[in-house]
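Residue numbers (the numbering used here): 30 to 180.
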């Protein structure tokens, strides 16, 4: 792995942990087709908050076919994928979220990170620019997007 890839994977993991610790897993008020939080989602959130991204992905991935389209599920699956070095899997899940709810949590930040990790810098820059244009943006999210855009 190149140094830049390792650096940005480390940033992805740190940003994921910070966002989850700050409660930015999902917005406070969102209308979605998401099912009520169940034990699977609770376990995944606990794993993500503990920085166990690969374990969270391993927990969620087998349920993707049946839960695909559940925005909260796709969001957590995407975060766990991008934070555990599976950007291709992350883009699929996060694009489903962004298509329905473009300002859901930090979906654009994680999508930009996934694009960046796959080498698609043009789409990464678009995702980060769209994130920066959002009306409600946490200062940490802005700083993270600015850091990626400067790279």
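Virtual Cβ for every residue (Gly too), placed ideally from N, Cα, C.
| Check | Outcome |
| --- | --- |
| With distance defined between alpha-carbon atoms, name the residue in 78, 80, 79 and 72 nearest to residue 89. | 72 |
| Measure the CB-CB distance between residue 100 and residue 118 and report whether it falls below 9 angstroms. | no |
| Given a cut-off of 9 angstroms on the beta-carbon distance, is the pair residue 157 and residue 178 in contact? | yes |
| Nearest to residue 112 by alpha carbon, out of 86, 121 and 98? | 86 |
| My output table needs one value for residue 132: the three-state DSSP class, helix, strand or coil. | coil |
| In the DSSP assignment, find the unbroken alpha helix (DSSP H) run with residue 160 in it and report its ends. | 150 to 161 |
| For residue 137, collect the residues of the same chain with a Cβ closer than 6 angstroms to its Cβ; drop the 5 residues on either side in sequence, then sort them by chain order. | 156, 159 and 160 |
| Using only alpha-carbon positions, find the residue among 139, 151 and 147 that is nearest to residue 174. | 139 |
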